[in-house]
Amino acid sequence: MFAAALLSTLFILPVPTEAMDPYSELRRLMVEEQIKARGIRDPLVIRAMEKVPREEFVPRSLRPEAYDDRPLPIGHGQTISQPYIVAYMTEKLRPRPGDKILEIGTGSGYQTAILAEIGCRVYTIEIIEELSLRAQKVLKKLGYKNIHFKVGDGYRGWPQEAPFDGIIITAAPPKIPGELKKQMKIGGKMVVPAGDYFQYLYLVERTGAEAWREKKLIPVSFVPMVRGN
Ligand code: SAH
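Counting in our numbering, the sequence shown runs from 2 upward without gaps.
In structure tokens:
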């Protein structure tokens with residue numbers, strides 16, 4: 002009798018996980034409605050999108066909107082990309098655990114976190130120091146390792162660490178930067194939005210020492226990739 006009463010008390014206790022993380026339901030819905038429903042299939046990408054707390058990468062006042070289907074401002078005239086675009090670009094890059102990836106445009110650090118969650122070694126360059134420092138702080142707090150940061154001009158790439166299995170550019174250069182094509186491994190991939198007014202996303206594959214194959218994917222709208230000094 003006593004034991005039964007004790008058991009029922011034990012089992013009636015609610016486990017307040019949802020209450021502890023009010024964003025987990027929004028994150029789950031984002032993955033269902035914006036990511037899976039629009040055709041993203043790579044389980045590594047889906048799992049990473051389910052895991053990374055996007056609200057940590059937006060300004061505090063915009064947290065309730067963190068899972069909306071659009072980019073959001075992060076200061077300095079820059080934006081955190083729309084969730085679907087992050088998933089789409091990551092799926093095209095096809096990173097696998099252990100891959101060495103160069104990212105140009107750290108911004109909020111959200112795309113960086115998705116790559117680190119997949120298990121990549123990430124080398125990320127941001128031209129605005131304050132954004133890089135903020136991203137470093139968030140990514141450290143969330144416990145991500147294997148991320149290397151640099152403040153500087155992404156057009157130069159990271160020659161000391163090249164070649165890379167993959168390169169992802171999250172700001173739009175007028176045309177695909179030649180220096181970055183040279184820092185790809187043979188067999189490696191680059192995903193890059195390019196163009197002045199009308200931008201398209203391109204998938205570039207390096208097929209040989211002096212050979213690349215380019216595929217035009219979808220129209221996009223990114224902040225411009227600016228030239229450093
Ligand atoms: N992946 C980011 C997107 C940030 S927007 C995110 O999800 O938050 C693009 C970023 O590229 C901006 O932070 C901008 O400052 C940066 N950027 C623009 N030109 C650059 C350059 N030449 N080198 C490095 N970063 C650049």
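Note that the Cβ used here is the ideal one computed from N, Cα and C, for glycine as well.
Minimum C-alpha distance to I126 - residue among I47, I36, T113: T113
Taking a contact to mean a Cβ-Cβ separation below 8 angstroms, would you say F165 touches G110 in this structure? no
Classify T80 as buried or exposed, calling it buried when 16 or more other Cβ atoms lie within 10 Å of its own Cβ. buried
Per DSSP, what kind of secondary structure is M50 in: helix, strand or coil? helix
Can you tell me whether DSSP reads G179 as helix, strand or coil? G179 falls in the helix class under three-state DSSP.
I need the boundaries of the beta strand (DSSP E) containing M191, first residue and last residue. 185 to 195
Of the residues A210, V32, Y203, the one placed nearest K186, counting alpha carbons only: A210
Buried versus exposed, by CB contacts within 10 Å (16 or more), T208: exposed
Return helix, strand or coil for I219, following the three-state DSSP convention. strand
Please go through the same chain and pick out, in chain order, the residues whose beta-carbon is closer than 6 angstroms to the beta-carbon of P194, but skip the five residues on each side of it. A173, Q200, L202, V221, F223
Following a CB-centred definition, is E215 positioned closer than 7 angstroms to any heavy atom of the ligand SAH? Not under cutoff, so the answer is no.
L202 - DSSP class collapsed to helix/strand/coil: strand
Three-state secondary structure (DSSP) of R42: Here R42 carries a coil assignment [DSSP, helix/strand/coil].
Is it true that the CB of Y89 sits closer than 8 angstroms to the CB of R28? no
Over what stretch of residues does the alpha helix (DSSP H) that includes P84 continue unbroken? 84 to 94
At the 8 angstroms Cβ level, is K190 part of the contact set with chain C, yes or no? Among the protein chains of the structure shown there is no chain C, as only one such chain exists.
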